[in-house]
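Asker:
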Ligand SMILES: Cc1cc2nc3c(=O)[nH]c(=O)nc-3n(C[C@H](O)[C@H](O)[C@H](O)COP(=O)(O)OP(=O)(O)OC[C@H]3O[C@@H](n4cnc5c(N)ncnc54)[C@H](O)[C@@H]3O)c2cc1C
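Structural data, given as structure tokens:
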């Protein structure tokens, strides 16, 4: 088997040469300063210029556009909140939470609209998501989930159960007992999306500076290693890397996810596997896995390996260690044993962020001129669009449905100090893996259900 180890993602490796943007050169003033050149920061900048072209907007990025999770993810443009609707309903009302989820559903089409309008070639295709049920417990959970979603007001056009034959007609995964189809997902090459979005921002007049580290964020000011930026509004879109900002180490938990990409499959292999409409795919184990058929005919596939490093650590070297990818390889070949022996051309990893209450947020403090969004729990590609659009509307006082949505709230409370974080996260992942093993043996695991609920604080 031919293997290329790389620290960059498939997506970043395949990009055409990108502009080298200058670093900040001395202090500057702007109407809005955005920290972070990922989806959250860039969507905010993009919509600000759409809403008010006269605004001066500067995006500050420590490395390069798309360096973070936005350039490394699974490319699921998925309209899902990890915490589900109920958490937001408890904070507001069922109707408000339902409205929020519908706005997220619409964000997938909104991204498709912008991609077309701006001519961003990123393989965007809305083929939904198929989740396989590969043991009795997963099948039962899917049945309960669809019943729950339908009771909340969604329909078969959103979530629907599939028979084993229907599931297999979409993808020939091994050991399938049934499946769940979720309609509001597109597959995309996130590297081309994030860099195309950056170019669209610049075309609209946004300034992007790279290789500039923000050290702290104050009221109407951002302190960097290359000067201060003063602004009426400061937007923070630093997700897992928020831990590097002064005083923010415990705000969001950085959790690793790792990915691989295969060499392009042959037409015969695809004829056997399916995924013709490029639905993104997963099964329903607790230790999340996710995959997509890429536009150029590969499988890009990921899963959570060693999830958390002491002290909310982020360690680029650990992202490419072959042993940390062993579980990801194993999970892919377990799903598609017919692919054993295929070349893996790319291995990489990245960090996503989990807030203490597992609830993605938008935060707005008008007195401080401060906005932030994140805590997407690994489902940020579509969510960052909604967050960025909302923050741009809050800044410009736009009167839209989105500026009153219930996820606009206080910043999440901080995680516990070490060693509690390390013990808590490591042991809960061990327990989830144990729950998966119990379920693979054909049993139902209360352990997994209890744990997943506990972790989400529900
Ligand atoms: C391996 C992996 C797979 C994933 N798969 C999916 C998926 O399929 N679908 C999905 O919806 N979500 C997925 N996610 C999550 C998704 O990628 C993120 O939620 C989303 O990209 C977050 O965007 P962001 O802009 O908020 O953060 P990021 O993309 O992480 O961007 C933050 C940026 O801020 C910069 N920055 C941070 N600190 C500073 C500083 N102090 N000074 C200057 N700049 C700074 C960083 O360099 C970075 O570029 C995945 C994540 C990972 C890691």
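In this note's numbering, the protein residues as written are 489 to 946. All C-beta atoms in this analysis are idealised placements derived from N, C-alpha and C, irrespective of residue type, glycine included.
Under the criterion of a Cβ to heavy atom distance below 7 angstroms, does residue 576 qualify as lining ligand 1?
Answerer: no
Asker: Determine the burial state of residue 513: buried for a count of at least 16 other Cβ atoms within 10 Å of its Cβ, exposed for fewer.
Answerer: exposed
Asker: From residue 811 to residue 565, what does the alpha carbon distance come to, in whole angstroms?
Answerer: 29 angstroms
Asker: Opposite residue 564 in the DSSP bridges: which residues?
Answerer: Paired residue(s): 675.
Asker: Please return the same chain residues whose Cβ sits closer than 7 angstroms to the Cβ of residue 701, not counting the five positions on each side in sequence.
Answerer: 550, 712 and 713
Asker: Under the criterion of a Cβ to heavy atom distance below 7 angstroms, does residue 659 qualify as lining ligand 1?
Answerer: no
Asker: Taking the C-alpha atoms as reference points, what is the distance between residue 898 and residue 891?
Answerer: Distance from the CA of residue 898 to the CA of residue 891, rounded to the nearest whole angstrom, comes to 14 angstroms.
Asker: Can you grab the Cα-Cα spacing for the pair residue 561 / residue 581, in whole Å?
Answerer: 32 angstroms
Asker: Quick check on residue 778: does DSSP put it in helix, strand or coil?
Answerer: strand
Asker: Quick one, which of 900, 717 and 499 has its alpha-carbon nearest residue 684's?
Answerer: 499
Asker: Mind checking which residues open and close the beta strand (DSSP E) that includes residue 744?
Answerer: 740-750
Asker: Across the region 893-913 and the region 826-844, are there enough close Cβ pairs to call them in contact, namely three or more that are closer than 8 angstroms?
Answerer: yes
Asker: Could you give the first and the last residue of the continuous beta strand (DSSP E) run that contains residue 852?
Answerer: Note, residue 852: beta strand (DSSP E), 849-853.
Asker: Counting only the same chain and skipping the five closest in sequence on each side, list residues whose C-beta sits under 6 angstroms from that of residue 738.
Answerer: 902 and 903
Asker: Which runs of the alpha helix (DSSP H), 4 residues or longer, sit entirely within the region 693-746?
Answerer: none
Asker: Starting from residue 769, trace the beta strand (DSSP E) in both directions and tell me its first and last residue.
Answerer: 768-771
Asker: How about residue 745: is its Cβ closer than 7 angstroms to a heavy atom in ligand 1?
Answerer: Yes, the Cβ of residue 745 comes within 7 angstroms of a heavy atom of ligand 1.
Asker: Mapping DSSP to helix, strand and coil, what is residue 833?
Answerer: strand
Asker: Whose C-beta lies closer than 8 angstroms to the C-beta of residue 743 among residues of the same chain, with five residues either side of it excluded?
Answerer: 728, 792, 795, 796, 839, 840, 841, 842, 866 and 913
Asker: Go ahead and label residue 911 buried or exposed: buried means 16 or more other beta carbons lie within 10 angstroms of its beta carbon, across all protein chains shown.
Answerer: Flag for residue 911 reads exposed.
Asker: Could you give the DSSP three-state label for residue 505: helix, strand or coil?
Answerer: coil
Asker: Using three-state DSSP, classify residue 637 as helix, strand or coil.
Answerer: helix
Asker: For residue 461, is the classification buried or exposed, using 16 other Cβ atoms within 10 angstroms of its Cβ as the cut-off for buried?
Answerer: The chain is shown from 489 up to 946; residue 461 falls before or after that span and cannot be answered.
Asker: According to the neighbour-count rule (16 or more other Cβ atoms, all chains shown, within 10 Å of its Cβ), is residue 895 buried or exposed?
Answerer: buried
Asker: Taking Cβ positions, are residue 697 and residue 746 nearer each other than 8 angstroms?
Answerer: no
Asker: Considering only their Cβ atoms, is the gap separating residue 686 from residue 553 smaller than 8 angstroms?
Answerer: With contacts defined as CB atoms closer than 8 angstroms, residue 553 and residue 686 qualify as a contacting pair.
Asker: Which ranges would you report for the alpha helix (DSSP H) in the region 507-591 if only whole runs of at least 4 residues count?
Answerer: 527-539 and 572-579
Asker: Report yes or no: do the region 658-665 and the region 613-623 share at least 3 C-beta pairs separated by less than 8 angstroms?
Answerer: yes
Asker: Under DSSP, the beta strand (DSSP E) around residue 617 begins and ends at which residues?
Answerer: 617-621
Asker: Classify residue 558 as buried or exposed, calling it buried when 16 or more other Cβ atoms lie within 10 Å of its own Cβ.
Answerer: buried
Asker: Have a look at residue 489 and residue 827 and give me their C-alpha separation to the nearest angstrom.
Answerer: With a pLDDT of 44 at residue 489, under the threshold of 50, the modelled position of that residue is not reliable, and the figure given next carries that caveat. Using only the alpha carbons, I get a separation of about 11 angstroms.
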